[in-house]
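Peer 1: With this note's numbering applied, the sequence shown has no gaps in its numbers, which climb one by one up to 187 at the end. Idealized CB from N, CA, C, for every residue including glycine. Model, not experiment: these values are computed from the prediction.
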Amino acid sequence: MKKAVFKLEPGNMSEELKIGKMKFPLDRMYSREHIWAKKRGNKVRLGLDSFLIENAGFLNYISIDKKEVKKGDNIGNFESAKFVSNIVSPISGEIVKINEKVITNPSEVNKKPYQSWIVEVEVSDKEDFGELISDENMLKKFIKEEIKKMEA
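1. Which whole runs of the beta strand (DSSP E) in the stretch 93-136 are 3 residues long or more, in chain order?
2. Across which residues does DSSP place Pro60 in a beta bridge pair?
3. Quick check: what's the CA-CA separation for Lys105 versus Ser124?
4. To which residues does DSSP link Ile70 through a beta bridge?
5. Considering only the alpha carbon of each residue, which of Ile130, Asn121, Leu83, Ala91 lies closest to Lys102?
6. Would DSSP call Ile178 helix, strand or coil?
7. Note down the Cα distance separating Glu50 from Trp152, rounded to an integer number of angstroms.
8. Taking a contact to mean a Cβ-Cβ separation below 8 Å, would you say Val137 touches Leu81 in this structure?
9. Return the CA-CA distance between Asn172 and Met64, expressed in angstroms with no decimal places.
10. Leu52 to Ser169, Cα distance in whole Å?
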């Protein structure tokens, strides 16, 4: 079953969603694995969202393992003060650029999660965007559900 496509309607929403200390800019889309995706022409930059950073703590290592990716693939991993986790690509395509500044200094992601993209992907299947969250209300509901899971 195909999921609904959520679209941002410029002018109808604030610039970012704030929940507690976490911020979610609304100029990008979000995966259920807490990866943000920001379109740049036929390419997309991917990074880690505030929820993931808030729960992971201080990042001390990021690695990227793949060049060609499919939606749902692990493209690398990160280590933090609290755990080690995979970075799951929300889209299919080819990694055309890796942000070496973030790879060599992962704490940049803690300081500026939405300026500190990790990879840039040339998209091969635009239908992958249909499963990403870009509607402010849907994003708010999703993050609040994630917070409840953490508190349980």
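Peer 2: In short, the structure shows the following:
1. Assignment of beta strand (DSSP E) within the stretch 93-136, counting only whole runs of 3 or more residues, yields 94-99, 109-115, 119-123, 128-133 in chain order.
2. As a position in the sequence shown, residue 60 is number 25, starting the count at 1. According to DSSP, Pro60 bridges with Glu51.
3. Working through the sequence shown from its first residue, we reach residue 105 at position 70. Working through the sequence shown from its first residue, we reach residue 124 at position 89. Computed Cα separation, rounded: 7 Å.
4. Sequence index remark: in the sequence shown, residue 70 carries index 35 (1-based). Its beta-bridge partners are Leu83.
5. The residue labelled residue 102 in the question sits at position 67 within the sequence shown. Taking only the C-alpha atoms, the option nearest Lys102 is Ile130.
6. The residue labelled residue 178 in the question sits at position 143 within the sequence shown. Three-state result, Ile178: helix.
7. Translated into positions along the sequence shown, residue 50 becomes position 15. Translated into positions along the sequence shown, residue 152 becomes position 117. Distance between the alpha carbons of Glu50 and Trp152: 19 Å.
8. Here residue 137 refers to the residue found at position 102 of the sequence shown. Here residue 81 refers to the residue found at position 46 of the sequence shown. Taking 8 Å as the Cβ cut-off, Val137 and Leu81 do not qualify as a contacting pair.
9. Numbered from 1 along the sequence shown, position 137 holds the residue referred to as residue 172. Numbered from 1 along the sequence shown, position 29 holds the residue referred to as residue 64. Distance from the CA of Asn172 to the CA of Met64, rounded to the nearest whole angstrom, comes to 13 Å.
10. Taking the first residue of the sequence shown as 1, we reach residue 52 at position 17. Taking the first residue of the sequence shown as 1, we reach residue 169 at position 134. Distance between the alpha carbons of Leu52 and Ser169: 11 Å.
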